[in-house]
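Protein sequence lines, in the order shown, are assigned to chains A and B.
First residue of the first sequence? That's 1 in the working numbering, and the numbers climb one at a time after it.
First residue of the second sequence? That's 1001 in the working numbering, and the numbers climb one at a time after it.
Each remark here refers to the structure printed beneath this line.
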Amino acid sequence: MTTEIAEYHTIPPARRRLLIASRWLVQAAIVIVVAALVIWLGLAVREALARKGIHFSFGYLGNIANFSLSEGLVPSREGSWPVLEPFSPSHSNLQALLAGLWNSLKVALSAIVLCTIFGTLVGIGRLSTNWLVRNLCFGLVEAVRNTPLLIQIVFWYFAVVLRFPPASAASNWFGSLLVSRSGVYLPGLVISESAGFASWALLAIAVASAVACIVLRGPRRRLILLAVTISALIATALIGSPLGLDLPVATRFGARGGFALSPEMTALLLAIVVNSSAYVAEIVRGAIEALPKGQWEASASLGLSRSHTLRDIILPQVFRIVLPSLANRYISLTKDTSLGIAIGFPDLFNVYGTVSNQTGRNLEGVVIVMLTYLALSWIISACVNAVNARVNGRGAR
Amino acid sequence: MTTVVLRWLHRNLFAKPFDTALSLVVIPTLAWAGYAFAHWILVEAHWEVIGGSLKVLMTGIYPADQLWRAWFSVATLCAMFGAGLGLSVRPGRAAMAVVAIVAAVIAGTIAAAVGVSAGLLTTVAIALGVAAWIAVHHSYLDQRIVLSGLLAGVVAIFLVLSPPGFEVWGGLLLSVVLTIAVSILTLPFGILLALGRQSRIASLRVISTAYIETMRSVPLILVVYWIWIIVPLLAPDSSVPSLLRGMAGYALFFAAYVAEYVRSGLQAVPKGQIEAARSLAMSSWTLNVDIVLPQALRVVVPSLVGQILDIFNGATLVFIIGLTDFLRAGQMILADPQNSGRTYEIYVFLFAVYFAIGGAITYASRRLEAHLARGSR
Chain A
1 MTTEIAEYHT IPPARRRLLI ASRWLVQAAI VIVVAALVIW LGLAVREALA
51 RKGIHFSFGY LGNIANFSLS EGLVPSREGS WPVLEPFSPS HSNLQALLAG
101 LWNSLKVALS AIVLCTIFGT LVGIGRLSTN WLVRNLCFGL VEAVRNTPLL
151 IQIVFWYFAV VLRFPPASAA SNWFGSLLVS RSGVYLPGLV ISESAGFASW
201 ALLAIAVASA VACIVLRGPR RRLILLAVTI SALIATALIG SPLGLDLPVA
251 TRFGARGGFA LSPEMTALLL AIVVNSSAYV AEIVRGAIEA LPKGQWEASA
301 SLGLSRSHTL RDIILPQVFR IVLPSLANRY ISLTKDTSLG IAIGFPDLFN
351 VYGTVSNQTG RNLEGVVIVM LTYLALSWII SACVNAVNAR VNGRGAR
Chain B
1001 MTTVVLRWLH RNLFAKPFDT ALSLVVIPTL AWAGYAFAHW ILVEAHWEVI
1051 GGSLKVLMTG IYPADQLWRA WFSVATLCAM FGAGLGLSVR PGRAAMAVVA
1101 IVAAVIAGTI AAAVGVSAGL LTTVAIALGV AAWIAVHHSY LDQRIVLSGL
1151 LAGVVAIFLV LSPPGFEVWG GLLLSVVLTI AVSILTLPFG ILLALGRQSR
1201 IASLRVISTA YIETMRSVPL ILVVYWIWII VPLLAPDSSV PSLLRGMAGY
1251 ALFFAAYVAE YVRSGLQAVP KGQIEAARSL AMSSWTLNVD IVLPQALRVV
1301 VPSLVGQILD IFNGATLVFI IGLTDFLRAG QMILADPQNS GRTYEIYVFL
1351 FAVYFAIGGA ITYASRRLEA HLARGSR
């Protein structure tokens, strides 16, 4: 920058004006060329589509979809209440895309939570003092990072999930987790109709004090809040809890009740969680190693144990360092859900393909899908940046 | 001796109660899993399915009477790999021994699986690679000559493989050739984008940034699929083969990533270098081509090599445009009812090959990093 200004003062005004004018010309030329290219591309595609009798318009979104999806919820209205209901062929194309987005988000959000937890554990494991644990974690990370995600997804689906026992012989874990090739069933929550206001209020108190216990600091305060949580929970249980546990019951062709994961969703989630955990593990390990060694030594000299040091001194600092890299990982993970098409999971990209095939509207569809993915990326980085500003803003350095 | 072992065991496995507990859980599990896996590999697995379908896995539906073209490409690839290795890794005795053992195992396996002649051809190809390695390392050739040689090799492979038609390319050969071609194509485009993003001309900067950020936030599969769709719309009369359309999609996508790597390299060039060049009244072109880029690219070579792994892993997505790469070939074999029970054999083989190639690329990138770091200090 400074050199530029110095340059400017050494040249005579007339030449300087010429230079500025030529810079403007270059700017304008570049903008015009790129704009012309983009417009030409748009027009050419539009014309080609018009030749096939398709005109650029988003009107097709309101048309009836006429195809079904294996899963996915769409926003709809029941009376005056907005509700989510399963997608059916009588819904519109727009609702089909929303169902696809719902499915993508379902996988992405669960994977973000799970891979952060497992990734951190594996990352710590890579620095364990136990030789076996250290090398097992290293082997897992290497195996995952050196093979394509697609083969991992396909492997989990065709070689693991579809090899589960059939529904009639589903393996039952602790009476609450059913595993069969028609899906995985977890215990779900149901709202019991008979519960009165008092039990709802007690449950709200329990949740609020549990949250406060995690957020607030100070061992005494935490102990009191924990006691409140537990006693409120016991009290609700005594007068009739408003939320009941809904355990899945195996039937001939699947299961009834509980919270069901389709085989495709199970495989995609497994693959993405294992894959992203390896990357998160590397991010966490890098951050731990980047911390000054003095931190470990200082806390060791204070007589803190290794696990105590890790929990109270290392991890809080690591959390600050890794946030930007984690944001990148979360964004790639969200994009990776588009590979669900290989195993027939109806994610956004898959549904876009079906809608485009049915209506021939690739141009409009790709605009919508690209904008959706852009928006998802921005939302993820905005969220992480907000958290980053909170933890790194005040007090840090 | 026993005390050494015992001390090692104590320090690494049973140092603390928690470690001991972990070890007591992990060791039996690992022993059981290892035994089960070894038993499956040696006793239960039916490996003849791999031998029977090796041709499909490696070259897809490439016509059998044209296979010499594929063999030529394998030999050229080995020679190119060897020449590239010669630029940075010294052909020491230990490295040679490892190569010899690996080569013997690969050639022997292929000979046992599909025939002696195939095993012999593999041996010749690997020997060619080793010869190129030694030759390049001892000939003190200019790096530019070697790099032009590598480029010529890629062109030669394309020319030799293309006569039967791009649509019959398949299997591992397709994955590898696609990866190499895309890696080379992305480089100039990515460098231009990186320079554009750093440019003093605001419009160029905005456009480059917009391109990079857009490409980085959409899935690869969408870009590849969409380029594949719109090319016939733009040029209805000429039929561009799927492979070339796919390559364009990959190149447009990965160029954005290359641009970001190169940009990090550009930022690593000391400011004084640029100021010095400016004070000598160098033009922007000379400044970038002769001063900045050589230093920037040198810094990012390891990341660019690492990026090749991403492209290779991403190459599995060509199924979306109907091409049959290595993974798809494996799935095709499993679709044959005769092989339906051989799921694990095929997947273990696919994993092993992907892991071997991926591991080699990761290793190369790590070695290069160490090599370049040593040179710069």
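For glycine and all other residues, C-beta sits at the position ideal for the given N, C-alpha and C.
Among the CB atoms of chain B, one or more fall inside 8 angstroms of the CB of A/TYR373. Judged by their CB atoms, B/TYR1062 and B/GLY1170 are nearer to each other than the 8 angstroms cut-off. Taking 3 residues as the minimum length, the beta strand (DSSP E) runs contained wholly in the region 150-182 of chain A are 171-173, 177-180, in order along the chain.
Sequence-ordered contacts of the region 100-112 of chain A with chain B are nonexistent [C-beta pairs closer than 9 angstroms]. Annotation: the continuous alpha helix (DSSP H) that includes B/VAL1155 extends over 1143-1161. Against chain A, the beta carbon of B/ALA1075 has no neighbour under 7 angstroms; the closest one sits roughly 25 angstroms away. In this structure, the beta-carbon distance from A/LEU268 to A/PHE345 falls below 8 angstroms. Nearest Cα to A/PHE58 within the set A/THR337, A/CYS115, A/LEU363: A/LEU363. With contact defined as three or more Cβ pairs closer than 8 angstroms, the region 1005-1023 of chain B and the region 1308-1316 of chain B are not in contact.
For A/TRP81, the enclosing beta strand (DSSP E) begins and ends at 81-86. Burial state of A/PRO248 is buried, judged by a 10 Å Cβ sphere holding 16 or more other Cβ atoms. Contiguous alpha helix (DSSP H) elements confined to the region 1212-1294 of chain B occur at 1220-1234, 1242-1268, 1271-1279, taking only those with 4 or more residues.
Per DSSP, the unbroken beta strand (DSSP E) holding A/VAL74 starts and ends at 73-78. Neighbourhood of B/TRP1226 in chain A, by CB distance below 8 angstroms: ASN362, VAL366, in chain order.
Cβ proximity to chain B below 8 angstroms picks out TRP131, LEU132, VAL133, LEU136, GLU142, ALA143, ARG145, ASN146, THR147, PRO148, LEU149, LEU150, ILE151, VAL154, PHE155, PHE158, ALA159 from the region 131-161 of chain A. B/PHE1014 sits in coil when the DSSP states are folded into three classes, being neither helix nor strand. Cβ-Cβ separation between A/LEU225 and A/ALA204: approximately 14 angstroms, too far for a contact (criterion under 8 angstroms). For B/PHE1326, the uninterrupted alpha helix (DSSP H) run begins and ends at 1326-1335, by DSSP. Contact with chain B is found for A/ALA44, since one of that chain's Cβ atoms lies less than 8 angstroms from the residue's Cβ. Here B/SER1088 has ARG1367, LEU1368, HIS1371 as same chain residues with Cβ atoms under 7 angstroms from its own Cβ, once five neighbours each way along the sequence are excluded.
A/PHE118 has a beta carbon lying at 8 angstroms or more from every beta carbon in chain B. DSSP, read as helix, strand or coil, puts A/PHE67 in coil. Ranked by how close their Cα comes to the Cα of B/ASP1325, the residues B/VAL1223, B/VAL1099, B/GLU1044, B/VAL1168 have B/VAL1168 in first place. Here the alpha carbon of A/GLN358 sits roughly 44 angstroms from the alpha carbon of A/THR120. Within the same chain, VAL133, ARG134, LEU136, CYS137, ALA281 come within 8 angstroms of A/GLY125 by CB-CB distance, once the 5 residues on both sides are set aside. Under DSSP, A/TYR185 shares a beta bridge with A/LEU178, A/ALA260.
A/SER92 carries a strand assignment under DSSP once its states are collapsed to helix, strand and coil. With respect to the 8 angstroms criterion, A/VAL107 and A/ILE313 are not classified as neighbours on the basis of their beta carbons. Under DSSP, B/GLY1171 forms a beta bridge with B/ASP1325. Note on B/MET1332: 16 or more other CB atoms within 10 angstroms of its CB, so buried under the neighbour-count rule. Shown here for B/PHE1253: same chain residues with a beta carbon closer than 6 angstroms to its own, the five before and five after excluded, namely MET1215, LEU1220, VAL1223 in chain order. For B/HIS1138, the enclosing alpha helix (DSSP H) starts and ends at 1116-1139.
Closest option to B/PHE1072, judged by alpha-carbon separation, among B/ILE1041, B/GLY1084, B/ALA1118: B/ALA1118. Closer than 8 angstroms to the CB of B/ASP1065 there is not a single CB belonging to chain A. In the three-state reduction of the DSSP assignment, A/VAL190 falls in the strand class. Taking B/HIS1137 as the centre and dropping the five residues before and after it, the same chain places the C-beta of GLY1086, PRO1091 closer than 6 angstroms to its C-beta, in chain order.
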